[in-house]
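Worksheet: one structure, shown below.
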Amino acid sequence: AQSVAQPEDQVNVAEGNPLTVKCTYSVSGNPYLFWYVQYPNRGLQFLLKYITGDNLVKGSYGFEAEFNKSQTSFHLKKPSALVSDSALYFCAVRESAGTYKYIFGTGTRLKVLA
Amino acid sequence: NAGVTQTPKFQVLKTGQSMTLQCAQDMNHEYMSWYRQDPGMGLRLIHYSVGAGITDQGEVPNGYNVSRSTTEDFPLRLLSAAPSQTSVYFCASSHPGDEKLFFGSGTQLSVL
Numbered sequence: 001a002q003s004v005a006q007p008e009d010q011v012n013v014a015e016g017n018p019l020t021v022k023c024t025y026s027v028s029g030n031p032y033l034f035w036y037v038q039y040p041n042r043g044l045q046f047l048l049k050y051i052t053g054d055n056l057v058k059g060s061y062g063f064e065a066e067f068n069k070s071q072t073s074f075h076l077k078k079p080s081a082l083v084s085d086s087a088l089y090f091c092a093v094r095e096s097a098g099t100y101k102y103i104f105g106t107g108t109r110l111k112v113l114a
Numbered sequence: 115n116a117g118v119t120q121t122p123k124f125q126v127l128k129t130g131q132s133m134t135l136q137c138a139q140d141m142n143h144e145y146m147s148w149y150r151q152d153p154g155m156g157l158r159l160i161h162y163s164v165g166a167g168i169t170d171q172g173e174v175p176n177g178y179n180v181s182r183s184t185t186e187d188f189p190l191r192l193l194s195a196a197p198s199q200t201s202v203y204f205c206a207s208s209h210p211g212d213e214k215l216f217f218g219s220g221t222q223l224s225v226l
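Chains as they are written, first to last, in this note's numbering: chain U, 1 to 114; chain X, 115 to 226.
Written out as structure tokens, the structure reads:
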């Protein structure tokens with residue numbers, strides 16, 4: 001069965017510093033990987049996805065993520081954090097050859113401090 | 115653009131009552147799904163559908179029913195509500211191949 005782990009409940013970073021939000025996954029085949037962001041009292045919004053190709057994926061609002069097959073990881077990164085990046089971030093996975101089950105992690109709350 | 119519309123936004127039920135959470139999308143998406151969001155648990159998949167007349171179970175299907183009679187609508191039914199079903203419910207849709215989920219704004223459900 002596919003699964004996603006986000007080991008950090010919360011990440012604090014100073015404004016202007018680089019940020020990383022961690023995600024590891026488990027699937028039996030090739031993964032499709034995703035990051036979503038949730039602002040307070042809102043639904044989730046798509047940030048980026050890895051389907052195939054270049055391991056470094058660029059997405060919305062200056063975010064990027066690196067797919068590492070050997071470490072089964074898909075960490076979210078941004079070179080310079082903004083206070084407005086403060087939100088709840090979710091990693092998700094779908095097995096490429098499997099059913100259309102998108103499985104989400106437990107979420108990581110990012111706090112960017114001014 | 116409406117996108118994914120969920121109704122109601124808030125609902126309070128008594129244990130044993132039934133209700134239907136509505137979800138509609140106007141993007142002609144074949145894939146639709148329901149999630150529940152609980153603190154510390156993230157989003158958990160309840161049921162999903164890859165097209166009209168086709169539904170399947172997710173991670174936590176017990177206590178919930180779904181049907182998909184049209185491409186646009188994917189209602190979630192609670193037949194006999196329980197306090198454990200207190201949660202925020204999100205509907206999401208996508209076009210297969212696009213692999214990008216569009217989420218509704220959620221329904222906050224309390225079961226007393």
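Yeah, the Cβ is synthetic: ideal placement off N, Cα and C, and Gly gets one too.
Checklist entry - Taking C-alpha atoms, which residue in U/Gln2, U/Ser84, U/Ala97 lies nearest to U/Glu15? => result U/Ser84
Item to check | Entirely enclosed beta strand (DSSP E) segments - the stretch 118-188 of chain X, minimum 3 residues | outcome: 118-121, 124-127, 133-139, 145-152, 156-165, 168-171, 178-180
Checklist entry - Which first and last residues belong to the beta strand (DSSP E) in which U/Ala1 is found? => result Where U/Ala1 is concerned, there is no enclosing beta strand (DSSP E), given that its DSSP letter is neither H nor E.
Item to check | Near-chain U residues of the stretch 140-170 of chain X (beta-carbon distance less than 8 Å), N- to C-terminal order | outcome: For the stretch 140-170 of chain X, which is checked against every Cβ of chain U, the residues closer than 8 Å are Tyr145, Ser147, Tyr149, Gly154, Met155, Gly156, Leu157, Arg158, Leu159, Tyr162, Val164, Asp170.
Next on the checklist: With a threshold of 9 Å between beta-carbons, can U/Thr24 be considered close to chain X, or not?
Outcome noted: no
Next on the checklist: Please confirm whether X/Phe95 has its beta-carbon closer than 9 Å to some beta-carbon of chain U.
Outcome noted: With chain X covering only 115 through 226, there is no way to say anything about residue 95 of chain X.
Checklist entry - Is U/Gln71 helix, strand or coil when you go by DSSP? => result coil
Next on the checklist: For X/Arg191, list the residues DSSP reports as bridge partners.
Outcome noted: According to DSSP, X/Arg191 bridges with X/Thr134, X/Asn179.
Checklist entry - Short check: CB of X/Ala116 to CB of X/Ala138, under 9 Å? => result yes
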